[in-house]
Amino acid sequence: MATKTPEQINEDLLRPLSVVTPKYFLVLGFFLAVVIVAGAAFGHQVYAGLGVTGLNRPVYWAFYITNFVFWIGLSHAGTLISAILRLSNATWRRPVTRCAEVITVFSLSIGASFPLIHLGRPWLAFWLIPYPSERGIWPNIRSPLLWDFFAINTYLIGSVTFLLLPMLPDFALIRDRATGARKRIYRILALGWRGTPRQWHRLETAMHIMAIAIIPVAVSVHSIVSWDFAMAPVPMWHSTIFAPYFVAGAIFSGIAALIIAMAGLRKFLHLEEYLKPVHFENLGKLLLVMSLLWFYFVFSERLTGWYGNEKYEMSVFWVTQRGSFSPLFWTMVFCNFILPAPILAIKKLRTITGTVIASIGVVIGMWLERFLIIVPSLSHKYLPYSWGSYRPSVTEILITAGTFAAMAMLYMLFAKVVPIISVWELKGGEALEHEPSEAILATTEAGARAG
Amino acid sequence: MASVDSIYGLFSDFRSADRGLKDLQAAGVRADKIVVMSPEPFEEYEFARADRKTPMPWIAAAGGLIGGVSGYLLAWYTQVAYPSRIMSGGMPLVSKWPSGIVTYELTMLGAILTTVITLLITARLLHWRFDIYDPEVSYGKILIGVVDPSTDMRSEFEQRLLGAGAEKIKGTGRFSTF
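Chains as they are written, first to last, in the working numbering: chain L, 15 to 465; chain S, 798 to 975.
Rendered as structure tokens:
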């Protein structure tokens with residue numbers, strides 16, 4: 015890519031916006047069909063009630079809340095990772111950040127929809143909004159579920175703006191090349207961007223502030239999601255380690271999702287010259303660190319629980335270690351540690367294919383982890399006579415499949431509307447790469463004059 | 798398109814653009830009469846270094862403060878305003894730790910929203926009618942020009958911009974025949 019001119023970069027990255035193949039429509043149609051089936055399943059659930067799910071007493075949280083935690087965790091792929099890379103000025107981030115930020119916005123939206131799907135009467139969702147009212151329902155500020163409302167909405171608003179702001183120069187680029195209605199739409203979206211030094215400086219300052227603000231928000235979101243569980247005196251939930259454990263798991267699954275998305279974009283949009291093996295290798299190293307960290311958290315949690323030998327905790331402990339949930343537990347350990355750690359640790363295996371295989375394992379493993387946190391604890395609470403079991407219904411499986419299809423569909427649509435790699439950031443990186451001495455000289459001269 | 802008179806040159810590399818700017822400054826053009834547009838930030842170069850003072854971080858901090866106070870007041874009022882003063886088992890009605898979480902989230906939301914609003918205002922966005930603009934900027938060109946130049950200086954500016962390496966000279970308003 016060292017020889018790419020700005021015009022070639024424009025051509026390469028804007029091409030996916032104008033070329034639509036029958037294969038694209040076919041794949042999009044497939045995902046849309048799955049989403050429609052999931053929508054029908056949800057309609058059926060609204061009509062017939064939550065009885066069509068496998069939820070029961072005592073397992074009143076299962077697939078939907080697993081999906082909620084999973085998708086919120088996946089959202090850490092984007093804004094958090096992008097913000098960290100921006101603040102640390104990692105130059106290799108340039109082709110990666112937008113791919114990542116898009117994952118955040120879509121997966122957060124999907125995740126946030128699950129509490130609504132889980133509501134028996136979703137049309138009363140506005141009751142969740144905490145404001146003093148005369149309806150006789152107390153908005154309980156002490157409830158972690160209410161904290162979710164604030165945290166997820168703050169993160170969603172922050173992530174959407176963090177995604178949209180650096181898109182303004184790219185919207186302007188499309189505006190200047192488009193004609194007709196397309197030009198009018200992008201003219202509005204560009205918000206009057208012209209590229210004056212003032213606009214560039216303000217945009218970069220805003221992105222810097224946003225990056226600083228969004229990191230603690232991202233950490234708080236998954237901490238609060240973990241507190242949905244940790245604040246309850248349920249065996250294996252009431253743990254001080256849950257918040258950092260959840261945050262680490264979220265970043266872990268987020269990086270894995272980002273690698274899978276990047277591999278898909280690279281292949282289907284022919285971005286081989288932009289999403290290079292080095293990006294996968296660097297993200298692979300991050301994934302390895304998170305895999306080790308995840309194992310450390312799991313080991314630490316299990317070891318402490320085992321030494322405590324508290325009988326209610328141990329009943330959940332053993333049902334996951336060697337009871338009915340053990341196949342899922344050991345699959346999780348395989349997917350999150352045994353499979354990815356060697357692949358990512360050995361340089362020869364840390365290829366694009368290797369990192370994608372490891373990432374697919376991690377995404378599966380992290381979904382299982384969320385499930386194993388929720389269901390075994392609820393089904394094996396304090397009184398053995400109240401123990402229960404859970405089996406997902408077809409409705410729950412269809413809705414879950416529908417959210418994965420929705421994610422893929424939204425990502426495909428987005429990649430046809432906006433360059434999936436930030437054009438101006440990429441060109442800026444190229445300019446710095448090719449003219450470093452000039453840039454340093456100009457800065458030095460300016461500094462000398464100011465001094 | 799333009800109601801403003803201007804002359805500008807389009808440069809294809811940063812060094813020439815930098816020279817063009819310096820030549821205009823040497824000709825005595827006031828800073829507020831010089832217009833620069835570029836396809837990338839180029840903050841390392843002189844031509845893109847103007848106008849760098851902004852109170853945005855302070856406004857963001859103030860926004861965070863307002864958001865935090867609003868968050869605490871919302872949490873406090875929500876808890877005390879319940880019609881029958883809910884039983885809290887001997888605990889304080891307004892719980893400080895959970896209220897802190899709501900306060901924290903709205904602090905960050907306040908900072909984020911004020912940053913965005915400050916960007917929209919101070920970057921002069923949301924103005925869709927351009928007095929001076931050339932789509933070639935998006936294609937990679939750097940625009941250096943003078944707003945409202947006197948007619949007798951027109952040819953001098955043109956010569957200076959061409960001499961610095963401008964590939965094209967264009968104009969708007971009275972000079973749009975270029």
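C-beta atoms are modelled at their ideal positions from N, C-alpha and C, and glycine is treated no differently. Because the structure is a prediction, the values reported are computed rather than measured.
Nearest-angstrom Cα distance between residue i and residue j?
i: Leu440 (chain L); j: Asp928 (chain S); result: 29 angstroms
i: His58 (chain L); j: Ile50 (chain L); result: 12 angstroms
i: Leu272 (chain L); j: Leu818 (chain S); result: 43 angstroms
i: Ala139 (chain L); j: Leu130 (chain L); result: 7 angstroms
i: Met380 (chain L); j: Gly172 (chain L); result: 25 angstroms
i: Cys113 (chain L); j: Leu300 (chain L); result: 17 angstroms
i: Ala460 (chain L); j: Pro889 (chain S); result: Confidence in Ala460 (chain L) is poor, its pLDDT being 40 and thus under 50, which makes the residue's placement unreliable; the coordinate value appears in the next sentence. Roughly 59 angstroms separates the two Cα atoms.
i: Trp137 (chain L); j: Tyr61 (chain L); result: 12 angstroms
i: Gly319 (chain L); j: Trp873 (chain S); result: 37 angstroms
i: Val432 (chain L); j: Ala204 (chain L); result: 12 angstroms
i: Glu953 (chain S); j: Ile804 (chain S); result: 11 angstroms
i: Phe294 (chain L); j: Phe39 (chain L); result: 28 angstroms
i: Ile472 (chain L); j: Thr345 (chain L); result: The question about residue 472 (chain L) has no answer here: the residues shown for chain L are numbered 15 through 465.
i: Thr915 (chain S); j: Ile229 (chain L); result: 20 angstroms
i: Arg71 (chain L); j: His252 (chain L); result: 20 angstroms
i: Val408 (chain L); j: Ile863 (chain S); result: 48 angstroms
i: Phe811 (chain S); j: Arg926 (chain S); result: 27 angstroms
i: Ile143 (chain L); j: Arg108 (chain L); result: 38 angstroms
i: Asp242 (chain L); j: Tyr259 (chain L); result: 14 angstroms
By DSSP's criteria, residue i is part of a beta bridge. Which residues make up the other side?
i: Leu807 (chain S); result: S:Leu940, S:Lys965
i: Val833 (chain S); result: S:Ile941
Nearest CA to the CA of residue i: which residue from the options?
i: His924 (chain S); options: L:Gln213, L:Ala355, L:Ile166; result: L:Gln213
i: His284 (chain L); options: L:Thr19, L:Leu27, L:Gln22; result: L:Leu27
i: Pro158 (chain L); options: L:Met245, L:Tyr396, L:Phe84; result: L:Met245
i: Arg208 (chain L); options: S:Pro946, S:Gln822, S:Gly962, S:Tyr936; result: S:Tyr936
i: Arg364 (chain L); options: L:Lys290, L:Tyr78, L:Leu42, L:Gly319; result: L:Lys290
i: Thr219 (chain L); options: S:Ala823, S:Trp855, S:Ile804; result: S:Trp855
i: Ile255 (chain L); options: L:Ala225, L:Ala359, L:Val312; result: L:Val312
i: Phe282 (chain L); options: L:Lys325, L:Trp241, L:Met421, L:Ala429; result: L:Ala429
i: Thr969 (chain S); options: S:Ala961, S:Asp945, S:Lys830; result: S:Asp945
i: Phe45 (chain L); options: L:Val437, L:Val110, L:Tyr425, L:Ile435; result: L:Tyr425
i: Ile238 (chain L); options: L:Pro247, L:Ala257, L:Ile223, L:Ser253; result: L:Ala257
i: Gly442 (chain L); options: S:Phe839, S:Arg816, S:Gly825; result: S:Phe839
i: Val110 (chain L); options: L:Thr93, L:Ser32, L:Ile143, L:Lys197; result: L:Thr93
Consider the Cβ of residue i: report whether some Cβ of chain S lies at a distance smaller than 7 angstroms.
i: Phe164 (chain L); result: yes
i: Gly92 (chain L); result: no
i: Arg29 (chain L); result: no
i: Ser96 (chain L); result: no
i: Gly209 (chain L); result: yes
i: Pro20 (chain L); result: yes
i: His252 (chain L); result: no
i: Trp137 (chain L); result: no
State yes or no: is the C-beta of residue i within less than 7 angstroms of the C-beta of residue j?
i: Val899 (chain S); j: Gly868 (chain S); result: yes
i: Val233 (chain L); j: Val261 (chain L); result: yes
i: Thr334 (chain L); j: Phe343 (chain L); result: yes
i: Phe185 (chain L); j: Tyr200 (chain L); result: yes
i: Val277 (chain L); j: Val377 (chain L); result: Before going on, a small fix: residue 277 (chain L) reads as Ala here, not Val. Taking 7 angstroms as the Cβ cut-off, Ala277 (chain L) and Val377 (chain L) do not qualify as a contacting pair.
i: Ala227 (chain L); j: Met905 (chain S); result: yes
i: Thr80 (chain L); j: Arg384 (chain L); result: yes
i: Ala192 (chain L); j: Ile413 (chain L); result: no
i: Met950 (chain S); j: Thr210 (chain L); result: no
i: Gly270 (chain L); j: Ser373 (chain L); result: Residue identity differs from the one stated: residue 270 (chain L) is Ala in this sequence, not Gly. Result yes, Cβ atoms of Ala270 (chain L) and Ser373 (chain L) sit closer than 7 angstroms.
i: Ser391 (chain L); j: Pro249 (chain L); result: yes
i: Gly402 (chain L); j: Val73 (chain L); result: yes
i: Glu955 (chain S); j: Ile966 (chain S); result: yes
i: Glu225 (chain L); j: Leu302 (chain L); result: Looking at the sequence itself, residue 225 (chain L) is Ala, so the reference to Glu does not match. No. Outside cutoff.
i: Ser305 (chain L); j: Pro356 (chain L); result: no
i: Val891 (chain S); j: Gln876 (chain S); result: yes
Taking 7 angstroms as the threshold (beta carbon to beta carbon), is residue i in contact with chain L?
i: Leu852 (chain S); result: Residue 852 (chain S) is actually Pro in this sequence, not Leu. With 7 angstroms as the cut-off, Pro852 (chain S) does not count as an interface residue toward chain L.
i: Tyr875 (chain S); result: Here residue 875 (chain S) turns out to be Thr, not Tyr, going by the sequence shown. For Thr875 (chain S), the answer is yes, since a Cβ of chain L falls inside 7 angstroms of its Cβ.
i: Ser892 (chain S); result: yes
i: Val801 (chain S); result: no
i: Tyr805 (chain S); result: no
i: Ala920 (chain S); result: yes
i: Pro932 (chain S); result: yes
i: Thr948 (chain S); result: no
i: Thr912 (chain S); result: yes
i: Val899 (chain S); result: yes
i: Pro889 (chain S); result: no
i: Val944 (chain S); result: no
Quick one: does residue i have its CB under 7 angstroms from some CB of chain A?
i: Trp925 (chain S); result: The chain inventory of the structure shown lacks chain A, comprising the protein chains L and S.
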